[in-house]
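In what follows, a structure is listed as structure tokens, so that the remarks can point back to it.
2 protein chains.
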Amino acid sequence: MLIGELAKRTGCDRETIRYYEREGILEQPPRTAGGYRIYTADQLGQVIFIRHCRSLGMSLMEIKALQRFQAKPDAGCAEINALIDRQIDAVRRQLDGLQLLEKRLLALRARCHGAQPAAQCGIWQSLLTAATGGKCPCHAEHGDFLAGEAQGGTDSPL
Amino acid sequence: MLIGELAKRTGCDRETIRYYEREGILEQPPRTAGGYRIYTADQLGQVIFIRHCRSLGMSLMEIKALQRFQAKPDAGCAEINALIDRQIDAVRRQLDGLQLLEKRLLALRARCHGAQPAAQCGIWQSLLTAATGGKCPCHAEHGDFLAGEAQGGTDSPL
DNA sequence: CTTGACCCTGTAGCGGCTACAGGGCTTTAA
DNA sequence: TTAAAGCCCTGTAGCCGCTACAGGGTCAAG
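First to last, the protein sequences are chains A and B.
Counting in my numbering, the first sequence runs from 1 upward without gaps.
Counting in my numbering, the second sequence runs from 159 upward without gaps.
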């Protein structure tokens, strides 16, 4: 099967498949005389495996680490468990950050209803107040948003 | 004040401040004879404003759009409200994706306790099964993870 | 005059793709 | 025989918001 069919059967873009090959996460397939990549069911499985892991939030590096278990099925699986645990931790940290963010945005949103001139808009006023050192409704929890999290504390989408 | 002090007072890296200037999100400050940037309290406020908006998850583009209201305080604030609404929507979509992800990871994690050889590890077996078209515990909800979301449906950290 | 702390520009890297440009291969049909 | 259509190839650059240099200049204090 050529790359186009592999792409269709995995739902993974052609370019992405070639990208995986470049990154060494997908083995180099044999080629036709004309240079076309030829894939087998094996590679189909590999691409699905990669996409599956990606859909679980793993990085390509982590997937590479996982792939090493294919070669040594007798190795202990502690590393696999630890990997999943780390994913869960990361997801939870992101969830915490996003929940906080949602609260903040809602607090800010509550400051304005309807269409006023910007100068009277409670959202705009809050943003300006914060810029001059005042208190903002969104970062009311701990007073100063510059202090705690702003410098890479959490995994929130800063 | 020079860039180092501005950086210290805003908690924003020197390089990041210069980056904001390059991106046109921070106005170009005057310079000393030797070429050093000189900032005033105004710019201090601008940087705090930017960091504040970033901490609310806004992109630099969105912040730029917001800044335009500084020039025209009489414009209607509908756009501001819409911007915050979009943020809230985006955050909620991400939250949904992450919550699903957490469920999946936990389902997967439940497949293995303790240290076995990888070949016996339930996590590993599930991942392999999925790669050959079988059912995985993590994507059990709708059967096939290739179908729905995999192609950029949600904002989950795919 | 030197030291040391600051500042400058320009470029490259991160991750995981995505999107070209500019070309080659292969099959089918006129 | 040739042309068109549809696939494939490589290589490079762009996205986002920084971050991290290298290689140099400036400035105040001692």
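No residue lacks a Cβ here, since even glycine has one placed at the ideal position from N, Cα and C.
It should be emphasised that the depicted structure is a prediction, and the values quoted were computed from it without experimental measurement.
Ala130(A): buried (16+ other C-beta within 10 angstroms of its C-beta) or exposed? buried
Interface residues of chain A around Gly234(B) at Cβ under 8 Å? Ala115, Gln116, Pro117 and Ala118
Quick one: which chain B residues come within Cβ less than 7 Å of Ala132(A)? Sequence inspection shows Thr at residue 132(A); the Ala mentioned does not correspond to that position. The contacting residues are Gly203.
Go ahead and pull the three-state DSSP assignment for Gly192(B). coil
Considering only C-alpha positions, which residue in the set Leu259(B), Ile183(B) and Gln252(B) is nearest to Arg54(A)? Leu259(B)
Contact with chain A by Gln225(B), beta-carbon distance below 8 Å: no
Given Lys103(A), which residues of its chain have a CB within under 7 Å of its CB, disregarding the five upstream and five downstream residues? none
Going by other Cβ atoms of all chains shown within 10 Å of its Cβ, with 16 needed for buried, is Tyr39(A) buried or exposed? buried
Residues near Leu105(A) in its chain [Cβ-Cβ closer than 8 Å; skip 5 each side]: Cys138
Buried or exposed, going by whether 16 or more other CB atoms sit within 10 Å of the CB of Ser217(B)? exposed
Closest by C-alpha distance to Ala82(A), when choosing among Arg111(A), Glu62(A) and Glu15(A): Glu62(A)
In this structure, how does DSSP classify Gly255(B) when only helix, strand and coil are distinguished? helix
DSSP on Gly234(B), reduced to helix/strand/coil? strand
Along chain A, in chain order, which residues have C-beta atoms closer than 8 Å to that of Glu260(B)? Ile88, Val91, Arg92 and Leu95
Is the Cβ-Cβ distance between Gly24(A) and Arg14(A) less than 8 Å? no
Excluding sequence positions up to five away, which residues of its chain have a Cβ less than 7 Å from the Cβ of Leu56(A)? Gln87
Just the Cα atoms here: how many angstroms apart are Met159(B) and Leu256(B)? 43 Å
Is the shortest distance between the beta-carbon of Ile206(B) and the beta-carbons of chain A less than 8 Å? yes
Using C-beta distances below 7 Å, list every residue in its chain close to Leu266(B), excluding the 5 sequence neighbours before and after it, in chain order. Ile281, Ser284, Pro295 and Cys296
Say whether chain A places a C-beta atom closer than 8 Å to the C-beta of Arg189(B). no
Suppose you measure from the CA of Arg18(A) to the CA of Ala7(A); what does that come to, to the nearest Å? 10 Å
Near Arg188(B), which residues of its chain fall below 6 Å by C-beta distance, leaving aside the five closest residues on each side in sequence? Checking the sequence shown, residue 188(B) turns out to be Pro, not Arg. So the qualifying residues of the chain are Ile196.
Alpha carbon to alpha carbon, how far is Arg250(B) from Arg22(A)? 35 Å
With a threshold of 8 Å between beta carbons, is Ile281(B) in contact with chain A? yes
For Gly24(A), would you say it is in contact with chain B, using Cβ-to-Cβ distances shorter than 8 Å as the test? no
Can you find a C-beta in chain A that's less than 8 Å from the C-beta of Arg172(B)? no
Considering Cα atoms alone, identify which of Gln67(A), Ala118(A) and Gly134(A) is closest to Ile48(A). Gln67(A)
Pick from Gly193(B), Leu202(B), His271(B) and Gln186(B): whose alpha carbon is nearest that of Cys170(B)? Leu202(B)
Between the alpha carbons of Glu149(A) and Arg51(A), how many angstroms are there, rounded? Its pLDDT being 45, under 50, Glu149(A) is placed unreliably by the model, and the measurement read from it follows with that caveat. The straight-line gap from Cα to Cα measures roughly 32 Å.
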